[in-house]
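Below: one structure, written as structure tokens.
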Amino acid sequence: MDFLPDADQDALVEATREYIGSRFPLIDPPTRLDDVRWKEITELGWLGLATDEQAGGAGATLLDEVFVFREIGRGLVCGPILTTLATARLAAWTDQTALAADLVAGQSRVARALPLPGEPDRLLVLDGDDAPLTLVVDSCHAALHRTPAALSTHPGLEDGTSVSHVARADLGVPEVSSDDALTVRRLRRVLSILTSAQLAGIAGVTRDLATAFAKDRVQFGKPIGAFQAIKHKCADMATAALAAENVTYFAALTEARAGCDSDYNALAAAANTRRAAFANARANVQIHGAMGFTVEDSAHRFVKRAHTLSATEGFDHAAELLGGLPSAESSEES
Amino acid sequence: MDLSFTEEDCAFRRDVRAWLQANIPTTERPEDFEGGRAWDMAWQRRQFNGGYGGIAWPQEYGGQGLDLVRQLIWFEEYAKAGGPDIGCGFVGINHGGPTLIARGSEAQKRRHLPKILAGEEVWCQGFSEPGAGSDLASISTRASIEGDELVVNGQKIWTSYAHVADFQELLVRTDPASERHHGLTWVICDMHTTGITVRPIVSMDGLAEFCEVFYDDVRIPLDNVVGEIGQGWSVAMSTLGFERGTGFMKLQTELAVALESLVTDAAELGTLGDPVLRKELGELRADVLAMRAMTYATVSSAARTDVPGPEGSMIKVFYADLAQRIHRTRMNAIGAHALDRGGRYAHDIGEYLYSYATTMGGGTSEVQRDIIGERILGLPRNR
């Protein structure tokens, strides 16, 4: 038992952070992944680090992906990276290795279609630009379709993005689908854990940005971080971020175990990281004061990204689902 | 990163589980001071004789010389088996002993460590004073050096188990001209010495666990000083480091057990159908798992570096808040049972009331937040 990153994992984090810092600046960032950057992240292996090598992946672990997605969350990297990764995984698990390899190699982007409450006939598509394929994941069904024509396109919550409405009836026959409950739940856990990793990244980077600002900004003759009202907010951000990243590591490590079929730890990571990301994103806006309310600072972007991630994976329901599960299995302790 | 335990660790876990099942006391802990002490010490002695005293303590002082992972396994199994609260052995096992291991002289270690493990010595802590709580560095209890003795005058407070203790980790000001954290000394005080008066204080859970202690010309041999005269602050900080660091191994498992018993109670009482309660239980389960993951990280870090770092303050803040939320949720989930201190939830009501101490004991959550802000995040001081 050694619950700290090893040297290889530290190196992965460092290299990923360096790349993101150079290509996705927080000030005036790209809001769409252009083809050049898409190719770069494909070459970095982000679309299939933990996918089987026969299906074009790198044969690394879900935990390695967690480290990369934590950095994606920190750096607010845009684009359908997680959906494309998850679709490749689904293809690999359903013996469509050629499709999986194509997806891991970045041949096609995959958008995500989400149900709209109160509108059973419609779906909301995220990252639909340049994505010929669209993934739909319900509680017991996952399917990959050709992206249907948009009925209408609207500005997205995240600045510079767009979302489109499509008709469920226009989805057509799926290219790949699974009704196997175990496979669908496994897919949802991969989506969930890598979303938690991004939320943990948001919790961490907002702690860093708020702390740096609190050291710099002077009012009443001293840096505002000297005052407990601000210092204690930063301390709570640090605690929330520490919890968020560790609970995500825990979920990733237990998920990677052979035969794991429990949603418990993934739901726990979802509930915890959702709360941490929202609390820290909010505190970061507040500590930046009026500047944090403007688009001239990056603070608003973390709030919006947290909503995008949380709504996409249904994290608002994670706690209630977790509260209704039987007690945690404790197989790691037997 | 690796969450798996070795085959030897798993075998150790099975042995521990079997031993605990056969040995956990089945009698009620007596409520009177002396009876409670005898009961706590008998249980400590039983663990020691069973080969489970001081799992990570050095063998030459009666410990088992095992690593922190074994210690973690012991605590996890102990809590799951429903092992009793450590009671008046707490200070000796959790800070007095570890502080002596880190900073004590050879003679002090040989004199005290085996007896702490064997359940023959009860320790208490003498840090806080009426005028020095969160501001611990302002302590004013004085000790003058006379020959080969310290002569102590002053008062300590919030001293758990002082009324049944044999020894005390006592922090005194030995340099009268000194200020703040300079000029302090950490000394082992024999609680049976002439001039010591102890007055128990009843806390909101109805127990009289902590006390105030008065010192009137109390003479302590200089041989009892741990570290050097004037180095007391640094010794005290290592004491608190143990309390805030690996001390959470046991507490985090206890929380998990308390939460799952709350889920069971809610199911029995028929309140689990309430989606609001289910959501709250889910949030608590999420945070209990986060607490466990952070504890694993701390154990791994301590295994690499030996000394707990300031990140223990984050775990302490997180733990204290979580413990209070769990006990509060239980009070809400049991309805009118919460008003019946002689009924089926009497123990839980006591734990709920006690949980108000978690954001104070061992340094308030506000002080912890200052430490996190200044020592971890590097924010400027305001004092």
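Chains A and B, in that order, give the protein sequences. Quick note on my numbering: the first sequence kicks off at 911 and runs consecutively. Quick note on my numbering: the second sequence kicks off at 3 and runs consecutively. Idealized CB from N, CA, C, for every residue including glycine.
Check: Is Q1196 (chain A) helix, strand or coil by DSSP?
Finding: helix
Item checked: Spatial distance of E230 (chain B) from D218 (chain B) (CA atoms) -> 24 Å
Check: From T101 (chain B) to R1099 (chain A), what does the alpha carbon distance come to, in whole angstroms?
Finding: 44 Å
Note to self: Restricting to runs no shorter than 4 residues, where is the alpha helix (DSSP H) found entirely within the stretch 26 to 64 of chain B?
What the structure shows: 35 to 51
Checklist line | chain A within 8 Å of R377 (chain B), Cβ atoms only | finding: no
Notebook entry, point to check: Measuring CA to CA, which of B:A83, B:N384, B:H349 and B:S162 is closest to H97 (chain B)?
Noted result: B:S162
Item checked: Where the beta strand (DSSP E) containing Y217 (chain B) begins and where it ends -> F212 to P223
Check: Is there at least one Cβ from chain B nearer than 8 Å to K1141 (chain A)'s Cβ?
Finding: yes
Next item on the list: Verify the CB distance criterion: does F934 (chain A) have a CB-CB separation below 8 Å to chain B?
Entry: no
Check: From what residue to what residue does the beta strand (DSSP E) around C191 (chain B) run?
Finding: L186 to D192
Check: Do D912 (chain A) and S302 (chain B) have their C-beta atoms within less than 8 Å of each other?
Finding: yes
Margin query: Suppose you measure from the CA of K1143 (chain A) to the CA of A1193 (chain A); what does that come to, to the nearest Å?
Written below: 7 Å
Note to self: Classify D974 (chain A): buried if its beta carbon has 16 or more other beta carbons within 10 angstroms, exposed otherwise.
What the structure shows: buried
Check: Which whole-angstrom value describes the C-beta separation of T176 (chain B) and A145 (chain B), a residue pair presumed to lie in contact below a C-beta threshold of 8 Å?
Finding: 5 Å
Note to self: Restricting to Cα atoms, I'd like to know which of A:S1208, A:K1125 and A:D1012 is closest to P939 (chain A).
What the structure shows: A:S1208
Next item on the list: Just the C-alpha distance for S1244 (chain A) and R377 (chain B), rounded to the nearest angstrom, thanks.
Entry: Low local confidence applies: a pLDDT of 39 at S1244 (chain A) is under 50, so the model's placement there is unreliable, and no value is given.
Item checked: CB of T1149 (chain A) within 8 Å of CB of F320 (chain B), strictly -> yes
Notebook entry, point to check: Is it right to say I937 (chain A) is buried, meaning 16 or more other beta carbons lie within 10 angstroms of its own, or is it exposed?
Noted result: exposed
Item checked: Same chain, Cβ closer than 6 Å to S1102 (chain A), five either side skipped, listed in chain order -> A1176, A1180 and E1223
Checklist line | T994 (chain A) versus V1213 (chain A): straight-line alpha-carbon distance, rounded | finding: 24 Å
Next item on the list: Determine the DSSP secondary structure at L1045 (chain A), reduced to helix, strand or coil.
Entry: strand
Next item on the list: Could you list which residues in chain B have their beta carbon closer than 7 Å to that of N898 (chain A), in chain order?
Entry: There is simply no residue 898 (chain A) to check, as chain A begins at 911 and stops at 1244 in what is shown.
Item checked: Local conformation of S6 (chain B) per DSSP, three classes -> coil
Margin query: Please state the DSSP three-state secondary structure of A145 (chain B).
Written below: strand
Next item on the list: Would you please verify whether the beta carbon of T1164 (chain A) is less than 8 Å from any beta carbon of chain B?
Entry: yes
Check: Taking 8 Å as the CB-CB cut-off, is A295 (chain B) touching chain A?
Finding: yes
Next item on the list: Name, please, each residue of chain A whose Cβ falls closer than 9 Å to the Cβ of A260 (chain B).
Entry: Here the premise fails: no neighbours, minimum Cβ distance about 13 Å.
Notebook entry, point to check: Going by alpha carbons, who is nearest to D920 (chain A) out of A:R947, A:V946 and A:E981?
Noted result: A:E981
Notebook entry, point to check: Three-state secondary structure (DSSP) at N384 (chain B)?
Noted result: coil
Check: If we count the other Cβ atoms within 10 Å of its Cβ and call it buried at 16 or more, is K158 (chain B) buried or exposed?
Finding: buried
Margin query: List, in chain order, every chain B residue whose beta-carbon is nearer than 7 Å to that of D916 (chain A).
Written below: M3
Notebook entry, point to check: Between A288 (chain B) and A1178 (chain A), is the Cβ-Cβ spacing less than 8 Å?
Noted result: yes
Checklist line | Residue from A:D1069, A:I1112, A:A1052 and A:R1056 whose Cα sits closest to the Cα of R1095 (chain A) | finding: A:A1052
Check: Can you list the alpha helix (DSSP H) stretches of 4 or more residues lying completely in the stretch 1134 to 1188 of chain A, in chain order?
Finding: 1138 to 1165
Check: Does any CB atom of chain B fall closer than 8 Å to the CB of N1175 (chain A)?
Finding: yes
Check: Helix, strand or coil for F1225 (chain A) per DSSP?
Finding: helix
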